[in-house]
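So the structure is just underneath, and the comments pick up after that.
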Amino acid sequence: MLVGQLAYLQIVYGGKFQAEVNRTDKTVMTGSVPRGMIYDSKGRLLVGNSTQNAITYTKSGSVKSTDIYQIVNRLTKYLTVEKTNLTSRDKADYILSAPGKSAKVIKQMPKSYRVNSSGDALTSTKIYANEVKYVEQQGIHLNDKDLQRATLFKKMSSAYSLSTVFLKDKDLTAKEIAEVSEHLTELPGISIGSNWERDYPQGTSIESIIGGVSTEQQGIPDDELNTMLASGYSRNDRVGTSYLEKSYESILSGTKSKREVQVGSNNQIKKSKVVYKGQKGGNLNLTIDSSFQKKVQDALNTQYSAAKAAGITQYSDGAYVVAMNPKTGAILAMAGVHNNTKTGKTSEDALGVINRTFVMGSAVKGATVLGAMMDGVISPSNNTLADEPIYLPGTPVKKSVYPIGTFSSLSAVQALQFSSNEYMMALAMKEANADYTPNTHIRMDSDIFSKLRGYFNQFGLGVKTGIDISGETKGIEGATLNSAGELKTGSALDLSYGNYDAYTLIEMAQYISTIANGGYRMKPYIVQSIQKTKDDGTKGALTSVTQPKVLNKVGFTNDELDVVKRGMYAAVHGSGYWTTATRLADIKPAVAAKTGTAQSFYYDPDNPSSDPPETITTSLVSFGPYSDPNIAMAIVFPNLTSESGSYPQLLAKQIYTDYYKMTGQK
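Going by the UniProt record's numbering, 584 is the number at position 584 of the sequence shown; the sequence numbering is gapless.
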């Protein structure tokens, strides 16, 4: 009967069983492609990829830990790897993967490690956990070579089925490549491949704007895991994690290659073929000229070093500058220096332009004057007001930097030229329909904060600019009510001359550009165009070009704008001791500007104080040439201990000199 049954199975089902043995399934595997390059506005390579030889491992579907153990032990005959920080569990996993080791440990373990109190066998998962525990209790002693093997074992074991991981891609010697290549037949899953690292041929002055790319070990950030997996990414894919690399991830990453793999019934890879070689990542062409960017960063470093030498940066956390084309919104340069107040060491921090906020002071007064004209409390032909300080009960007198009584009255142009706080407060009081008696009381309409901020917002102050770099923050608004629920009238006056709300420097650049270009709030951008990459790695056809985008048109008239522009011109070229920006007067072609000085305080997060040291934040906004502006800039030097030195003006002067020379303007 047994012989008959065997014959029956062989004759009737033999073909079916043979087919099952020979059965294969087709699976599509994806592979990474070179990441796109980033170029400056003149075609210079800013960010590229340095290719490196690599040893890779592709994990099959049915590989066992004992198989990986054997591969690792063979591989380390020809390869030396850097040891990682292994946990005791990692080391125990490696030890237990040796052929026969797990069974031996189970026999040696106490009975309580194998069965529960009722005498029933524990689950395999619990038993393995106890195996690890037992090995750890016995003490783990691995030599240097074993630690290397444990490192490889961990990396290979943690790989997903049919995924490829890099085992070594740095400092790989020609001898290692040759020896591994010679023994590939005894190293299933091991291959010779290549990997890449981002490099910066023009230096790192723009690296913080570019952002970073994750490592293979880091893979996709946790907060974006589900979204990116749904878009076809793998968990260990290298992706942009910040700023431009993140904002343009879908462009820079390209399209993965596809390889069709035939997997046998034993889950081993039988053969594979490339069905799509992939598309290399697209290239970004920036609006920034790297040569000009370097000059701006160097000029900023020079001025900040001068401030340090003058001994006024004890509480200063850095300085920042951004220049943009006011007609288009294209960023021309963006630079920053961060100062560690504990150590005094400085580092480049261009991203502070978009993610740090400061109380800017009088530099915002152009928006105050234009807001008042749009509100109808003054006009181009009727804007002369008494220049008088404000006396509020229980607070110091609110006045300008110059002595009380210096001017009996000022026009709007003169108020900008001499930077009158009193004039701006008078505008706010008119807009608030204030009822004011010196030293006695002041009453304002409850909507004064929203009114002032509404006008500021039209210029970009206090709102995100929309710049095409991830991580932008927006300005910070101060409280409108005190602890008793009463309107903070004094703070509303402070807001009018820029000494209350905080803004980012990119907001300041957008604001001054709106004045320079005639009232159009332009969206700033740093990527000018996107290009394909040819098979040989060179730039291909353009796929998109950024078009200037108007976010809104501010509702002032040309006559109203002319008042403010003339005031900013007078701040540079006017006469009189209190004219504020005269260090820019000899620049040709002529420029306009508005300086700013704000009272600020140093906050030490490690030692908070109820009475923090007072500091001075100096700022500047400017545009040029005055007759037809093609550059606008904003500068801030926060938390200095003195406003002497005119560092923002000296920096602006150097930037104008370099820019005019670069563009041939005279």
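Glycine residues also receive a C-beta, built at the ideal position from the N, C-alpha and C atoms.
Fair warning: this is a prediction, and the values are worked out from it, not measured in the lab.
Anticipated Cβ contact below 8 Å, residue i with residue j, distance rounded
i: Pro-612; j: Tyr-603; result: 6 Å
i: Arg-149; j: Asn-226; result: Not a contact, Cβ separation roughly 35 Å.
i: Gly-318; j: Gly-329; result: Going by Cβ atoms, the distance from Gly-318 to Gly-329 rounds to 25 Å, so no, they are not a contact pair.
i: Gln-531; j: Arg-521; result: Not confirmed; about 29 Å, so no contact.
i: Thr-241; j: Gly-211; result: 7 Å
i: Ile-206; j: Ala-350; result: 7 Å
i: Leu-561; j: Gly-519; result: 6 Å
i: Thr-504; j: Ile-616; result: In fact, because the Cβ distance is near 19 Å, the residues do not count as touching under 8 Å.
i: Pro-201; j: Leu-45; result: 5 Å
i: Ser-316; j: Pro-605; result: Wrong, their Cβ atoms sit about 16 Å apart, outside the cutoff.
Per DSSP, cross-strand counterpart(s) of residue i
i: Asn-53; result: Ser-194
i: Tyr-503; result: Phe-358
i: Phe-637; result: Thr-618
i: Leu-385; result: Leu-410
i: Asp-435; result: Arg-443
i: Arg-521; result: Asn-552
i: Leu-286; result: Val-527
i: Asn-143; result: Partner(s): none; Asn-143 has no beta bridge.
i: His-183; result: DSSP, once it has assigned bridges, lists no residue as partnering His-183.
i: Asn-339; result: Thr-346
i: Leu-45; result: Tyr-39
Within 7 Å, strictly: CB atoms of residue i and residue j
i: residue 672; j: Ser-622; result: The structure shown does not extend to residue 672, since the chain spans only 1 to 666, so no value can be given for it.
i: Ile-506; j: Ile-467; result: yes
i: Thr-58; j: Thr-164; result: yes
i: Leu-385; j: Ala-426; result: yes
i: Tyr-626; j: Ala-592; result: yes
i: Val-47; j: Arg-198; result: yes
i: Thr-287; j: Ser-41; result: yes
i: Val-213; j: Glu-245; result: yes
i: Gly-462; j: Arg-453; result: yes
i: residue 676; j: Asp-387; result: No information on residue 676 is available, as it lies outside the stretch 1 to 666 that the chain covers here.
i: Pro-524; j: Thr-465; result: yes
i: Gly-371; j: Gly-36; result: no
i: Ser-513; j: Pro-326; result: yes
i: Thr-51; j: Ser-194; result: yes
Whole-angstrom distance between residue j and residue i, CA atom to CA atom
i: Thr-440; j: Leu-392; result: 7 Å
i: Lys-308; j: Ile-635; result: 17 Å
i: Val-21; j: Ser-158; result: Because Val-21 sits at a pLDDT of 49, beneath the cut-off of 50, its placement in the model cannot be relied upon, and the point is left open.
i: Leu-481; j: Lys-451; result: 15 Å
i: Ser-191; j: Ser-181; result: 8 Å
i: Met-662; j: Ser-290; result: 12 Å
i: Gln-303; j: Ala-323; result: 17 Å
i: Glu-614; j: Ser-470; result: 33 Å
i: Ile-515; j: Phe-456; result: 12 Å
i: Thr-346; j: Ser-305; result: 10 Å
i: Asp-559; j: Thr-368; result: 16 Å
i: Glu-179; j: Tyr-160; result: 27 Å
i: Ile-127; j: Ile-140; result: 19 Å
i: Gln-108; j: Lys-145; result: 26 Å
i: Ala-585; j: Ile-312; result: 26 Å
i: Ile-71; j: Asp-536; result: 36 Å
i: Lys-294; j: Tyr-659; result: 12 Å
i: His-338; j: Ile-378; result: 42 Å
i: Tyr-421; j: Lys-399; result: The sequence given here has Asn at residue 421, not Tyr. Cα to Cα, Asn-421 sits roughly 6 Å from Lys-399.
i: Ile-177; j: Glu-82; result: 16 Å
i: Ser-446; j: Val-554; result: 24 Å
i: Tyr-134; j: Asn-143; result: 20 Å
i: Lys-104; j: Pro-608; result: 60 Å
i: Ile-68; j: Glu-136; result: 21 Å
i: Lys-154; j: Asp-93; result: 8 Å
i: Asn-266; j: Pro-188; result: Residue confidence is low: Asn-266 scores 49 on pLDDT, short of 50, so the model does not pin down where it sits. Its coordinate-derived value is still stated next. About 14 Å.
i: Lys-101; j: Ser-529; result: 60 Å
i: Ser-644; j: Asp-237; result: 51 Å
i: Gly-4; j: Gln-10; result: 10 Å
i: Gly-352; j: Thr-125; result: 50 Å
i: Ala-333; j: Met-633; result: 9 Å
i: Ser-600; j: Gly-475; result: 16 Å
Taking 8 Å as the cut-off, does the region 484–503 touch the region 351–364 (at least 3 CB pairs, one atom from each stretch)? Yes, the region 351–364 touches the region 484–503.
Cβ contact check for the region 649–659 and the region 537–549: 3 or more pairs under 8 Å: Output reads no: the region 537–549 does not touch the region 649–659.
Is the region 563–573 touching the region 411–430 in the sense that three or more CB pairs, one from each, lie closer than 8 Å? Touching, yes, given that three or more Cβ pairs across the two stretches are closer than 8 Å.
Across the region 49–66 and the region 160–177, are there enough close Cβ pairs to call them in contact, namely three or more that are closer than 8 Å? The region 49–66, when compared against the region 160–177, does touch it at the 8 Å Cβ threshold.
Any chance the region 115–125 sits against the region 72–91, with 3 or more Cβ pairs inside 8 Å? The region 115–125, when compared against the region 72–91, does not touch it at the 8 Å Cβ threshold.
Contact between the region 573–582 and the region 426–436: three or more CB pairs below 8 Å? Taking 8 Å as the limit for Cβ pairs, the verdict is that the region 426–436 does not touch the region 573–582.
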